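Going by the UniProt record's numbering, 853 is the number at position 853 of the sequence shown; the sequence numbering is gapless.
Where a beta carbon is used, it is the ideal one built from N, C-alpha and C, also for glycine.
Since this is a predicted model, take the numbers as computed values, not measurements.
Report on the structure given below.
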Amino acid sequence: MTDVVVVESPAKAKTINKYLGDGFTVLASFGHVRDLPPKDGSVRPDENFAMDWQADERGSRQMAAIAKALRGARHLYLATDPDREGEAISWHVRAMLEEKNLLKGVDVQRVTFNEITKSAIRAAMAQPRDLDQPLIEAYLARRALDYLVGFTLSPVLWRKLPGSRSAGRVQSVALRLICEREAEIESFRAREYWTVAAQFTTPGGAAFTARLTHLAGCKLDQFDLHDEAGAMAAKAAVEAGRFAVQSVERRKVRRNPPPPFTTSTMQQEASRKLGMGAQGTMRTAQQLYEGIDLGGETVGLITYMRTDGVQMAGEAIAAIRGHIGESFGAPYVPEKARIYSTKAKNAQEAHEAIRPTDVSRTPAQMARYLNDEQRRLYELIWKRSVASQMQSAELDQVIVEIADAGGAATLRATGSMIAFDGFLKLYSEGRDDAAPKDEQDDDSRMLPPMRERDALKTGEVAADQHFTQPPPRFSEASLVKKMEEIGIGRPSTYASILTVLRDRNYVRLDARRFVPEDRGRLVTAFLTSFFERYVDTQFTAGLEEQLDDISGGRADWRDVMSAFWQDFSRAVDQTKDLKISDVISALDADLAPHFFPAHPDGSDPRVCTACGTGRLGLKLGRYGAFIGCSNYPTCQFTRRLVVDPKEDGEADTLKDGMRLLGQTPGGEDVTVRRGPWGLYVQQGEPDPEDKKAKPRRATIPRGIEGDKITLDQALGLLSLPRVVGIHPETGEQIEAGLGRFGPYVKMGAVYGSLDKDDDILTVGLNRAVDVLARKLASVRTIAPHPKDGEPVIVRKGRFGPYIQHGTMVVNVPRGEAMEDVTLDQAVALLAEKGKPLKPKGKAAAKKAPARKTAARKAPAKTAAKKAAPDGDADTQARAAKPPARKAAARKTPAGKATGKTAKGKAEPGEGAGPRTRRTATEAG
C-alpha cells in the first residue's frame, strides 16, 4: 500500500519517485486534466459565472491512472507547480476525484517545492498544507475573463472585419503596443544636427579627444548646430583658439550588480545575449528545472522558472557567498549579503528568483551533461545568480574641461577606468538597443594625466553630421520589459502571448524585431476605434491589480467578474448595429498615413494609379481588407493588404517556382521549390535517363520561413532522419525526422509527434524522451502470449483501446480501461473475436479486379488504408462491415466533426489558458 503523489510532468515524476522511494507512487497529470469546453456557454455570467469543465482523452486517461493508484492509499499529495496554475491543476484533480467518490478515507494535502532536489522534496513532504482558495479563485477569474473576451469579441471581429482571426484580453494590448510603435516610426521625421570634436595633445605628448560643449559663452543644446554653416563656424572658432585645461574633476563611481533572474528578466537577457526566443527560453528552463541526468542521477539544476520574485533562500545566499570567497577571493565578497526586492508593477505570487539549486555545480562541470541551449542558459542563470551577491564594481571617473583663453569655446573630455572590477569580473548585463557610440560606457577609455592650466596643443578638428533616429521596433526582450513595466500579463503568459501574435499572422519577426502585418494593424485600428477601453494599457493593468487582489484574498472574484462583464457586454451590444461602412470609414481614416503615405512631390497619394481620376480607399471584401478605386466597376484596380501564407507564401522570392540556396559539398544544387502542398527543399535534379530515381526532397516545417531558410538548415532537413541519442532507460536509439503529419521522434516502432515550437534540427535528448514518454503512456505490454511467447499489447486506438498480438487485433470491451485488461482476458478475446491486421500501403491497394466494383460501393473499405499506424482495430472493423451499416459506422466520426466545428467557433484568450504540457509549452 503506497501513498500517491501527483505532479505535472513525467520527467519530474520519475525523479521525485526516486527521491521518495517505494512507499510512494508518483504520477503525472501532464498539465491540466480538464478545461472549459471550446464552445459558447461554458461560462455563464447569468448564473453567477458558473463554469462547465470537460476532460479530454489525455486528461481522462491520467485521471484513470491516478484513481487506480489511489485504491487502498491513505494519502494523496498534490505536488503540482508552486504557482496559480499549479494550484488550479491540483484543484481540478481533487474535484474530479471527489465527483467519482474516490477520496473516501484518503487524506488530500498540497505540497510545493521550488527546486527538484532530494532535500527540497523531503522538506516539502514534511510540511503539507491545504489548497490555497484565493489562488484558485484568481485562476477561475482569469480563465473566465479570457474565455469571455475571446468568445465574445472574436465573433464581432469576424462579422465586422473579415479576414481577422481572434482577439484576446492581453494579446490585443500587446499587439497595440507593436502597432503604435510602428506608427511612431512611420511618422518620425529625422532632424539634422552637428557635433564638433577636437584632438588635443598634453605637455607630456599624450593625445585625447574632447567634444565642444559651449560656444561664445553659451551652452550648446543638441540642435543648436543644426546645419553645416553653423557647424563650420564652430569648427573655425575651435581651430583659431588657444586652449588650456580649465578644471579636472575626479570621482569614484560604484556600480551595483543586477538582481537574480525573474521570468521576464531571464527572457529578456536570453534574447539579448543568446538570441533565444521567449518560448525556447522557457522550454529550456523547464528542462533544467525538471532534471538532468548527471551520471545516473536525475537532478534539477535550477529553481522554479515562473516567478516575479528576486529574493533567494538564506542557505542559497550563504552557499553563493562561500563560493565567491573560494573562487574569487575575499575582496569580492561584500560585507553583508545583498537582499533584493522586486520593482515590477503588480508583482505577485513571488517565489524565489531563478537560481542554481547548487552553486558548486559550475557551468564548466555541467557542460558535458547538457545540450548547447541548456548549457548556455544554465551558464547565464548561474553567472547572474553568483554575480548578484558579489562586491560592487568601482570606477575612477575623470571629467576634464578645456577652455579657450578668449572664452570663445569650451570642450569636455570624459574617461574612466575600472579601479576594482567586482561583479564585472563574472557578469555584465546586456542592452536592449545599441546606444549611440558617444553615449556608450567609458569603462575602458582612459585620459592621460593632466593638471589645471596645462597648455594643450590643438590637433585635427572635425565637424560631424548626425540625424535623430526613430524609436526602435520592439524585440522580444524589450516588449516583455514594456509589458512588465506597465503591469499587463504575467511571467507565465509572456512567451505564449508573443507566440499567438505570430501564429495569427498579426506580426512577424524581422531581424529579431516585431513588425506588424497589415492584418494586425487592421485589428488594432478596429479595437481602438470601437473597444478602446479594452485595449487600453491602464485599464488592462488595473484589471491585473484586481486579479491580484483576488489572489491575495482582498476581493471576491465574482464581484470583479460582474463589474467587468456589465460594461463589456454593453460595449459589445453597441456594435450589433454597426455598419460595415462605419468600420471602413474609421479604419480608412486611422490607417491613412500607413496605406497612403505622403508623396515627396506633394501630390495626392490617394489618386488611383490605374485610371488617374479615382480615389483609392480601404475596402472590405469576403476575404479581408484591400485597397480599391472609387471608380469601380469602371476601374477595377485593387491592391491586397493581407497575404495568406498558405496561398502566396514567399512567391515574390521564388523565380520560376524555385530559389537557389547553394550547393552541397558534392556540388549538387540545393533549391527551395513550390509544390501543390507548399514549399520544400530539393537536392539535385531528376535523372533524365532514370525516371524512377527522384532527387532527395524535404518539406519545410512550420517555424522555418521559406524566404529566410539557410543552406545549413536545408541540408539539415535533407539529412533527416537524424540520431538524437540513446534512451537513458531502454538503451534504444532515438531518431528525429519529418513525416506525413509533421516532425516526430522515433524509438523502435514507437513514434511521438513534436510540437510546432520544437525545432526538428536541434531537438535534444531530454525533449525526445519526454515526447516518447507521453506516447508510451498509450501503449501497455501485458505479458508474453502463453502459446508463442510474443508480447500481448494494449494500445490506444483512434476509436478506443484495442489488444494486439502479432498481426491479430481485437477491441477492448466498452467501458473497460486499458489498464485493467489481464492476460487471460486478452487471450480469450483474441481467440474469440480476433481479426488480422489489414495490410498497409501499396500491398493494400493491390486487389483483385473482380472486387473493384464492390470497393466503390463501400467507401468504408478505403478508410482501412488510412488506419492509424498503431493498427486501429476499430477502424478496420468498421471498414470490413457491409455497406448497409455505413451510416452507423459514421456516427462516431460525425460526432467528432461536430466537436471540431465547435472548437473552431472562437479562439479564447492569448495563450494564457490551460497548459496542456508544461515540458513543451509555456502558458498559464
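Anticipated Cβ contact below 8 Å, residue i with residue j, distance rounded
i	j	result
residue 808	residue 786	Not a contact, Cβ separation roughly 14 Å.
residue 695	residue 682	5 Å
residue 172	residue 527	6 Å
residue 274	residue 377	7 Å
residue 495	residue 278	4 Å
residue 609	residue 176	With 8 Å as the limit, residue 609 and residue 176 do not qualify as a contact, their Cβ atoms being about 31 Å apart.
residue 933	residue 463	As displayed, the chain neither begins before 1 nor continues past 924, which places residue 933 out of reach and without an answer.
residue 315	residue 116	Residue 315 to residue 116, Cβ: 16 Å. No contact.
residue 391	residue 251	Incorrect: roughly 19 Å between the Cβ atoms, too far for contact.
residue 411	residue 210	4 Å
residue 78	residue 110	5 Å
CA-to-CA distance, residue j to residue i, given in whole angstroms
i	j	result
residue 686	residue 678	20 Å
residue 625	residue 493	30 Å
residue 844	residue 98	Confidence at residue 844 is low in this model, with a pLDDT of 44, below 50, so its placement is unreliable and the value that follows should be read with caution. The alpha-carbon atoms of residue 844 and residue 98 are separated by roughly 49 Å.
residue 14	residue 6	11 Å
residue 666	residue 699	21 Å
residue 19	residue 107	21 Å
residue 161	residue 502	19 Å
residue 724	residue 673	28 Å
residue 438	residue 222	Caution is warranted here: a pLDDT of 46 is assigned to residue 438, below 50, making its placement in the model unreliable, and no coordinate value can be reported.
residue 460	residue 205	15 Å
residue 243	residue 280	57 Å
residue 811	residue 513	53 Å
residue 577	residue 519	23 Å
residue 539	residue 708	39 Å
residue 235	residue 194	11 Å
residue 324	residue 477	29 Å
residue 261	residue 822	51 Å
residue 616	residue 181	26 Å
Limits of the unbroken alpha helix (DSSP H) element including residue i
i	result
residue 366	363 to 366
residue 10	10 to 20
residue 226	Premise fails: residue 226 is in no alpha helix (DSSP H) and is neither H nor E.
residue 500	494 to 503
residue 929	Any property of residue 929 remains undetermined from this structure, which presents the chain solely from 1 to 924.
residue 636	It is not in any alpha helix (DSSP H) - residue 636 carries neither H nor E in the DSSP assignment.
residue 516	Residue 516 -> not in any alpha helix (DSSP H); beta strand (DSSP E) instead, spanning 513 to 516.
residue 328	314 to 328
residue 134	133 to 160
residue 332	No alpha helix (DSSP H) contains residue 332, which DSSP labels as neither H nor E.
residue 305	Neither: residue 305 is in no alpha helix (DSSP H) and is coded neither H nor E.
Which listed residue (the options) has its alpha carbon closest to that of residue i
i	options	result
residue 721	751, 303 and 806	751
residue 21	3, 8, 30 and 397	3
residue 764	369, 524 and 705	369
residue 556	133, 89 and 90	133
residue 515	37, 33 and 184	184
residue 619	282, 636, 122 and 430	636
residue 269	25, 819, 578 and 481	481
residue 510	532, 474, 244 and 338	474
residue 58	33, 256 and 417	33
residue 83	476, 62 and 305	305
residue 419	254, 470 and 181	254
residue 559	543, 573, 574 and 572	543
residue 125	80, 91, 143 and 154	80
residue 407	231, 497, 214 and 297	214
residue 981	401, 497 and 491	This structure does not reach residue 981, given that the chain is present from 1 up to 924, and the question cannot be answered.
residue 428	448, 471, 451 and 384	384
Residue i, enclosing beta strand (DSSP E) - first and last residue
i	result
residue 194	192 to 201
residue 449	Taken as a continuous stretch (DSSP letters only), residue 449 belongs to no beta strand (DSSP E), as it is neither H nor E.
residue 723	722 to 726
residue 799	Looking at the DSSP string, residue 799 is not in any beta strand (DSSP E), and its letter there is neither H nor E.
residue 274	Taken as a continuous stretch (DSSP letters only), residue 274 belongs to no beta strand (DSSP E), as it is neither H nor E.
Neighbour flag for residue i against chain D, beta carbons, 8 Å
i	result
residue 446	Here chain D cannot be found, since the structure has a single protein chain.
| beta strand (DSSP E) runs wholly inside the UniProt domain "Toprim" (2 to 116), at least 3 long, in chain order | 3 to 7, 24 to 28, 75 to 78 and 107 to 110
| Quick one: complete beta strand (DSSP E) runs, 3+ long, within the region 393 to 426? | 393 to 404 and 409 to 420
| query | At which residue ranges does the region 711 to 777 contain complete beta strand (DSSP E) runs of 3 or more residues, listed in the order of the chain? | reply | 722 to 726, 733 to 739, 742 to 747 and 750 to 753
| request: Write down every uninterrupted run of the alpha helix (DSSP H) in the region 552 to 593 whose length is 4 residues or greater and which is fully enclosed by it, in chain order. | output: 557 to 573 and 580 to 590
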